[in-house]
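Peer 1: One point on numbering: in numbering that gives the first Met the number 0, the residue at position 5 of the sequence shown is 4, and numbering is uninterrupted.
The C-beta atom is built at its ideal place from N, Cα and C for all residues, glycine as well.
The structure is given below, and queries will be raised subsequently.
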Amino acid sequence: MSQQINLFNPAFQKKKKFFTAVPIAEALGVIVTGALLLTWYAHYQVGQLEQRAQAGKMLVAERERRLADANRQFAPREKSAPLAQQLAQVHVELAAMQRLEAFLATGALGNSDGYAEYFRALARQNLPGLWLTGVSIAGAGTHIGVQGRAMQPTLIPQYIFRLTSEPVMRGKTFASLDIARPQTPAVTTVTAPSTSTVPVTVATAATAAPYVQFSLQSVPPEGAP
């Protein structure tokens with residue numbers, strides 16, 4: 000009869016040590032060093048922020064000082080009563096001048112631009128065989144009279160058409176046109192008998208002139224139908 004005897008005792012087995020004093024000390028050193036670095040970095044950041052905040056406060060204070068100086072230098076002044084009266088008078092005079100300008104523009108007081116443009120228009124419309132003997136312009140160009148002579152009566156309508164095509168004459172109309180051929184008396188001179196040295200003038204029958212004369216009026220003459 001055999002019997003087995005177990006000589007294994009777990010108490011005598013060699014055990015592994017995972018944490019010893021040296022590694023723990025090293026780990027604690029690393030942790031402490033990291034904490035110190037983080038604390039220093041946090042203090043550094045706080046210092047930077049405090050410097051920026053201080054610089055911002057100084058900048059705000061400087062701008063507030065400049066604003067206060069500007070307010071003192073350019074403080075709103077009280078309104079001057081004499082100056083206000085002068086300004087009101089200027090506005091009144093300006094309004095009066097504007098009303099006067101508008102009234103003059105109506106032409107009620109006559110032509111404020113002068114009559115030079117009318118005479119230039121008459122000079123430009125130079126028609127051979129027709130010449131002017133008189134021109135009358137009154138008011139703001141509303142009363143125009145032209146007198147002249149023409150070698151042929153047919154030249155007068157041509158002249159009127161060309162004259163009314165001028166810019167200054169546009170919109171103006173003529174109310175009357177008189178055309179007539181004047182009579183010129185024929186005068187002959189004869190000599191008296193030998194007993195007298197004084198010449199004697201004898202008028203003969205009148206003859207028709209070689210031209211016609213015309214009168215162009217923008218307003219019909221008084222008494223005309």
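Is it right to say I23 is buried, meaning 16 or more other beta carbons lie within 10 angstroms of its own, or is it exposed?
Peer 2: Here residue 23 corresponds to residue number 24 of the sequence shown, with the count starting at 1. Label assigned to I23: exposed.
Peer 1: Count the other C-beta atoms from every protein chain shown that fall within 10 angstroms of the C-beta of A207, then say buried if there are 16 or more, exposed otherwise.
Peer 2: Position 208 of the sequence shown, counting from 1, holds the residue named residue 207. Exposed.
Peer 1: Quick check on DSSP: helix, strand or coil for V145?
Peer 2: The residue labelled residue 145 in the question sits at position 146 within the sequence shown. Note: V145 maps to strand in three-state DSSP.
Peer 1: Counting only the same chain and skipping the five closest in sequence on each side, list residues whose C-beta sits under 7 Å from that of G133.
Peer 2: Here the question's residue 133 lines up with position 134 in the sequence shown. Taken in chain order, the residues that qualify are Q146.
Peer 1: DSSP state of F73, grouped into three classes?
Peer 2: For the purposes of this step, residue 73 is taken as residue 74 along the sequence shown, with counting starting at 1. In the structure shown, F73 sits in coil (DSSP, three-state: anything other than H, G, I, E or B).
Peer 1: Do you know offhand how far Q151's Cα is from I143's?
Peer 2: If you number the sequence shown from 1, residue 151 lands on position 152. If you number the sequence shown from 1, residue 143 lands on position 144. One C-alpha to the other measures close to 23 Å.
Peer 1: First and last residue of the alpha helix (DSSP H) that includes L126?
Peer 2: The residue labelled residue 126 in the question sits at position 127 within the sequence shown. Where L126 is concerned, there is no enclosing alpha helix (DSSP H), given that its DSSP letter is neither H nor E.
Peer 1: Helix, strand or coil, according to DSSP, for F118 in the structure here?
Peer 2: Residue mapping note: residue 118 aligns to position 119 of the sequence shown, counting from 1. Helix, per DSSP.
Peer 1: Counting C-beta neighbours from all protein chains within 10 Å, is the total for A223 16 or more, i.e. buried, or is it exposed?
Peer 2: For the purposes of this step, residue 223 is identified with residue 224 of the sequence shown, where counting begins at 1. Its pLDDT being 47, under 50, A223 is placed unreliably in this model, and the value from its coordinates should be taken loosely. Exposed, because fewer than 16 other Cβ atoms sit within 10 Å of the Cβ of A223.
Peer 1: Please look up how many angstroms separate the CB atoms of L154 and L131, rounded, as I've assumed it's under 8 Å.
Peer 2: If you number the sequence shown from 1, residue 154 lands on position 155. If you number the sequence shown from 1, residue 131 lands on position 132. Not really, about 12 Å apart at Cβ, beyond 8 Å.
Peer 1: In the DSSP assignment, find the beta strand (DSSP E) that holds Q151 and state where it starts and stops.
Peer 2: In the sequence shown, counting from the first residue as 1, residue 151 sits at position 152. Careful: Q151 lies outside any beta strand (DSSP E) and carries neither H nor E.
Peer 1: Can you tell me which of the three DSSP states T206 falls into?
Peer 2: Here residue 206 is taken as the residue at index 207 of the sequence shown, counted from 1. Three-state result, T206: strand.
Peer 1: To the nearest angstrom, report how far apart A87 and E77 are at their CA atoms.
Peer 2: Taking the first residue of the sequence shown as 1, we reach residue 87 at position 88. Taking the first residue of the sequence shown as 1, we reach residue 77 at position 78. One C-alpha to the other measures close to 17 Å.
Peer 1: Do you know how far the Cα of Q53 is from the Cα of R64?
Peer 2: Taking the sequence shown and counting its residues from 1, the one referred to as residue 64 is at position 65. Taking the sequence shown and counting its residues from 1, the one referred to as residue 53 is at position 54. Computed Cα separation, rounded: 16 Å.
Peer 1: Measure from the C-beta of D68 to each C-beta in chain B and report whether the shortest distance is under 9 Å.
Peer 2: As a matter of chain content, chain B is missing from the structure shown, which is built from one protein chain.
Peer 1: Measure from the alpha carbon of E116 to the alpha carbon of each residue in Q85, G33, M168, S214, then state which is nearest.
Peer 2: Start at 1 with the first residue of the sequence shown, and residue 116 comes out as number 117. For the residues Q85, G33, M168, S214, the minimum Cα distance to E116 belongs to M168.
Peer 1: The beta strand (DSSP E) that contains F213, what's its start and end?
Peer 2: One-based indexing of the sequence shown puts residue 213 at position 214. First-last of the beta strand (DSSP E) with F213: 211 to 216.
Peer 1: For R180, which option in Q124, L58, V89, Q212 has the closest C-alpha, if you only look at C-alpha atoms?
Peer 2: For the purposes of this step, residue 180 is taken as residue 181 along the sequence shown, with counting starting at 1. Checked all of Q124, L58, V89, Q212; the closest Cα to R180 is Q212.
Peer 1: Ignore the nearest five residues each way along the sequence and tell me which others in A41's own chain have a CB closer than 7 Å to its CB.
Peer 2: As a first step, residue 41 is located in the sequence shown; it is residue number 42 there, counting from the start. Same-chain partners within the cutoff: there are none.
Peer 1: For A94, does the three-state DSSP call read helix, strand or coil?
Peer 2: Reading the sequence shown from its first residue, position 95 is the one you call residue 94. It is helical.
Peer 1: If A149 and Q216 are in contact, beta carbons under 8 Å, what's the gap, nearest whole angstrom?
Peer 2: Here the question's residue 149 lines up with position 150 in the sequence shown. Here the question's residue 216 lines up with position 217 in the sequence shown. Not quite, the Cβ-Cβ distance comes to about 17 Å (not below 8 Å), so this is no contact.
Peer 1: What are the partner residues of S79, as DSSP defines its beta bridges?
Peer 2: The sequence position of residue 79 within the sequence shown is 80, counting from 1. In DSSP, S79 forms no bridge with anything.
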